[in-house]
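One structure is given below, encoded as structure tokens.
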């Protein structure tokens with residue numbers, strides 16, 4: 002038996018389709034032309050005749066990485082692909098955008114296709130080690146056959162198959178550590194904290210009561226510091242002697258030192274992964290089987306992911322004219338879920354928020370008031386502080402550590418992913434085939450809210466969620482290939498049916514009866530019991546015609562008619578199409594014998610694809626919500642107002658590119674320009690409150706916008722000798738997004754920190770215009786709104802000739818930059834020396850801004866128990882002082898702290914060492930005596946290092962530039978080996 006370490010690559014050799022491994026040069030006849038075959042929509046095609054934008058990533062490029070989801074391998078894989086990193090929750094997947102922002106109100110995620118049929122399940126259900134390659138389709142020429150689902154690009158995932166010849170057996174394992182990759186913001190310590198709050202109280206007293214002497218204000222601040230504001234004194238001096246005249250009592254000693262809220266919750270996690278596969282085949286039948294086990298615990302306690310996978314794939318040439326194949330994967334995963342930080346950004350149960358913003362003067366534990374010793378209960382368990390003696394900004398009455406330990410949130414997922422196909426060779430030119438895909442996912446989630454402290458106290462609560470997703474895809478394809486001398490034709494005609502069903506059940510009860518039982522029967526009061534079923538259908542007919550002359554002049558055209566059940570019958574059907582052309586200059590006589598130019602091709606395409614992936618499966622129907630009953634009397638509530646004419650978002654795409662290769666393809670790359678115009682954008686159109694419509698909006702097709710930019714990629718073998726190779730690669734992308742039309746009387750839509758209007762990007766910031774700090778008195782200053790510019794109120798002044806205001810309510814709103822970067826991409830290198838191999842990849846972003854609300858929460862001018870950034874030490878204190886941090890002042894802090902302000906924008910520039918791998922392969926002659934055909938040991942890491950504009954900042958968190966208190970990405974470092982027999 003022999004291990005196949007390299008990924009299968011398809012070639013045409015002498016007109017016959019074969020599978021090839023990495024082969025020594027002298028085994029290939031010099032007069033035999035080898036054409037690389039690339040996976041495309043509903044088939045495959047010679048790379049040299051392609052006119053679309055299709056990036057292929059093979060398994061060897063991510064096989065050694067400690068990743069749980071194939072989505073992680075997309076980061077940095079191709080120009081034009083923007084990845085918002087996943088959370089640190091084990092098993093999470095990132096968010097992907099291909100060539101910009103495809104929509105405003107509906108999904109911008111690409112379509113995933115696994116082995117020829119649509120896949121809508123979790124990417125974490127697919128074992129990355131079962132994947133042979135994935136292809137990223139970016140333009141209409143590549144995606145239009147997927148019609149109404151292709152507006153945001155398509156990712157084709159091809160799983161591994163067996164190969165003819167000897168059996169291959171491979172086992173691999175890895176284990177390692179999981180830690181935090183994004184450091185915490187720098188915050189002041191306990192010694193610095195009390196004087197800062199004292200200063201805010203003192204300054205506020207002098208502002209609120211004019212004429213107050215400095216002596217009286219100092220005395221007032223000293224008296225109020227503990228009893229009136231912070232509630233807790235962790236030093237061994239009386240409250241009224243802790244801070245005097247702004248100085249911490251030099252005799253003060255800490256009563257206890259356990260003031261760190263992060264250490265009890267965040268530590269080093271553990272990852273282990275085991276893979277076993279067996280494959281082989283005869284002249285007529287090939288097979289591939291695998292089993293895998295992954296177990297990862299996050300660096301946050303009670304967050305983990307465990308996955309078991311098993312897969313079998315068989316392909317058989319039953320007759321000379323009939324080929325059959327099937328594959329089935331079974332997946333079981335489970336884990337403890339951490340709190341979703343984005344959805345619970347300010348919630349008291351959010352551990353990322355409260356370990357970050359808790360003031361450094363509070364301990365999570367209870368202490369004896371006399372000895373100050375940590376308290377334990379009768380069972381020897383530590384007693385947690387209930388928060389009764391904390392300030393208003395310190396989660397009084399709550400304890401996020403205790404709640405995290407007591408609460409539960411567990412998920413279990415079961416998947417079956419199945420595929421089957423049949424190919425009938427009618428004659429040498431005509432092939433009929435059919436593909437069937439059936440996937441089912443069952444999710445069970447249980448949560449428990451403890452009865453001691455928190456939202457469910459004092460009774461306790463339990464929730465049970467269950468949903469089942471089923472997808473069924475069936476397509477039938479007719480493929481006709483014919484060659485007439487130097488003219489090559491390929492015609493495809495197909496039909497596809499897609500069916501999706503979602504069944505949901507939810508129950509919630511309160512009032513726990515006995516301890517240590519989270520089942521619903523152990524709770525008294527039913528609070529909610531509900532269920533629903535959703536159905537979605539789509540039908541499509543499609544066709545494609547490819548033509549080339551001597552592989553020099555290339556033409557391609559495709560069309561698809563789709564019908565979607567999301568829309569009304571009158572607007573349900575639409576056509577999506579593309580045309581493309583290419584000129585392969587390398588095939589011309591003036592370049593055919595060139596030793597310098599090994600490939601040169603110009604290509605272009607134009608087409609239209611669609612997007613129907615809205616939040617609702619019934620966009621054209623006004624719906625009502627059941628369950629609003631009054632005792633025994635039934636109640637129904639108006640739930641959703643529909644526009645019956647709503648229809649697809651249409652995405653019109655232009656792509657122009659050049660592919661090149663030099664020096665026998667030791668240098669390869671491409672340059673592309675794209676222009677995506679999205680028409681009939683679905684926006685939530687505002688309605689007057691008097692209309693009585695839920696959310697005061699109705700979804701309509703009212704807008705047009707474009708995404709356009711350039712993409713660059715290059716790959717070069719700098720050194721290539723028998724014992725030493727050095728490869729470098731890089732890609733870079735630009736993006737410009739702009740709304741060009743809003744109809745239906747809409748001129749602007751303001752949502753949080755953004756305003757959508759014609760002439761601007763949907764990710765342009767609309768914020769209060771921060772001017773700075775008045776050197777005279779430390780007041781926060783904003784540019785004054787035009788409506789107040791000519792008034793003479795006390796909160797409006799002129800500074801350096803500029804009209805400004807100290808009142809954030811009178812501040813001017815204006816556009817303040819964008820979240821979209823000027824340039825983003827990746828670069829990497831791979832070096833081999835004899836048996837040693839080293840590879841690394843960096844991702845980067847230049848330009849764009851992040852609205853850092855996490856930092857804003859640490860910059861309060863009057864913190865009442867909340868943590869403070871060390872930048873607060875640069876606050877204004879003296880007339881004439883130049884600084885960008887206002888004075889601490891308990892009377893004016895609302896303006897200093899004002900949200901939706903350009904003050905909180907920061908550069909999104911970053912560079913990250915995304916992954917690196919070092920490996921050593923033992924020489925075959927060393928292993929042959931042991932009966933081992935291959936042995937390789939390796940060390941690999943993810944998210945190893947990053948540089949950002951501010952410590953603690955995570956600029957890759959979201960495409961729209963916002964920050965939240967979320968589970969930051971994990972750094973994973975593993976050591977492992979691969980062995981084959």
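Residue numbers (my numbering): 2 to 982. Backbone N, C-alpha and C define an ideal beta-carbon position, used for all residues, glycine too. Here the structure is a predicted model, which is why all the values come from computation and not from measurement.
Alpha carbon to alpha carbon, how far is residue i from residue j?
{"i": "residue 511", "j": "residue 368", "result": "32 angstroms"}
{"i": "residue 447", "j": "residue 405", "result": "15 angstroms"}
{"i": "residue 134", "j": "residue 55", "result": "12 angstroms"}
{"i": "residue 125", "j": "residue 476", "result": "26 angstroms"}
{"i": "residue 460", "j": "residue 517", "result": "14 angstroms"}
{"i": "residue 309", "j": "residue 337", "result": "16 angstroms"}
{"i": "residue 73", "j": "residue 972", "result": "13 angstroms"}
{"i": "residue 261", "j": "residue 366", "result": "10 angstroms"}
{"i": "residue 650", "j": "residue 535", "result": "22 angstroms"}
{"i": "residue 48", "j": "residue 300", "result": "44 angstroms"}
{"i": "residue 414", "j": "residue 290", "result": "22 angstroms"}
{"i": "residue 766", "j": "residue 344", "result": "21 angstroms"}
{"i": "residue 497", "j": "residue 542", "result": "6 angstroms"}
{"i": "residue 988", "j": "residue 568", "result": "Lying outside 2 to 982, the shown extent of the chain, residue 988 is not represented and no answer is given."}
{"i": "residue 43", "j": "residue 150", "result": "14 angstroms"}
Looking only at its chain, what residues have a beta carbon closer than 6 angstroms to the beta carbon of residue i, apart from the 5 residues adjacent to it on each side?
{"i": "residue 507", "result": "466, 531"}
{"i": "residue 564", "result": "540, 573, 574"}
For residue i, collect the residues of the same chain with a Cβ closer than 8 angstroms to its Cβ; drop the 5 residues on either side in sequence, then sort them by chain order.
{"i": "residue 870", "result": "186, 187, 188, 189, 856, 859, 860"}
Classify residue i as helix, strand or coil using the three-state DSSP reduction.
{"i": "residue 906", "result": "strand"}
{"i": "residue 630", "result": "coil"}
{"i": "residue 133", "result": "strand"}
{"i": "residue 229", "result": "helix"}
{"i": "residue 61", "result": "helix"}
{"i": "residue 473", "result": "strand"}
{"i": "residue 242", "result": "helix"}
{"i": "residue 648", "result": "coil"}
{"i": "residue 737", "result": "strand"}
{"i": "residue 221", "result": "helix"}
{"i": "residue 55", "result": "strand"}
{"i": "residue 913", "result": "strand"}
Sorted by chain position, which residues of the same chain lie with C-beta nearer than 7 angstroms to residue i's C-beta, five sequence neighbours on each side aside?
{"i": "residue 549", "result": "50, 489, 555"}
{"i": "residue 528", "result": "509, 510, 511"}
{"i": "residue 487", "result": "550, 551"}
{"i": "residue 284", "result": "165"}
Go to residue i, then tell me how far its alpha helix (DSSP H) extends in each direction, as first and last residue.
{"i": "residue 200", "result": "191-209"}
{"i": "residue 592", "result": "590-593"}
{"i": "residue 330", "result": "Segment 323-337 is the beta strand (DSSP E) holding residue 330; no alpha helix (DSSP H) there."}
{"i": "residue 578", "result": "Looking at the DSSP string, residue 578 is not in any alpha helix (DSSP H); the run it does join, the beta strand (DSSP E), is 574-585."}
{"i": "residue 1013", "result": "Outside the modelled stretch of the chain, which goes from 2 to 982, sits residue 1013, for which no answer is possible."}
{"i": "residue 357", "result": "352-358"}
{"i": "residue 894", "result": "894-897"}
Considering residue i, what are the terminal residues of the beta strand (DSSP E) in which it resides?
{"i": "residue 499", "result": "488-513"}
{"i": "residue 414", "result": "409-426"}
{"i": "residue 527", "result": "524-550"}
{"i": "residue 714", "result": "698-721"}
{"i": "residue 831", "result": "824-834"}
Based on the DSSP secondary-structure assignment, which residues constitute the bridge partners of residue i?
{"i": "residue 466", "result": "446, 507"}
{"i": "residue 341", "result": "Residue 341 pairs with nothing; no bridge assigned."}
{"i": "residue 850", "result": "908"}
{"i": "residue 636", "result": "Residue 636 pairs with nothing; no bridge assigned."}
{"i": "residue 46", "result": "39"}
{"i": "residue 654", "result": "608, 677"}
{"i": "residue 273", "result": "176, 296"}
{"i": "residue 782", "result": "773"}
{"i": "residue 436", "result": "422, 476"}
{"i": "residue 311", "result": "292, 331"}
{"i": "residue 561", "result": "543, 577"}
Report yes or no: is there a C-beta of chain D within less than 7 angstroms of the C-beta of residue i?
{"i": "residue 976", "result": "Protein chain content of the structure displayed is limited to a single chain, and chain D is not contained in it."}
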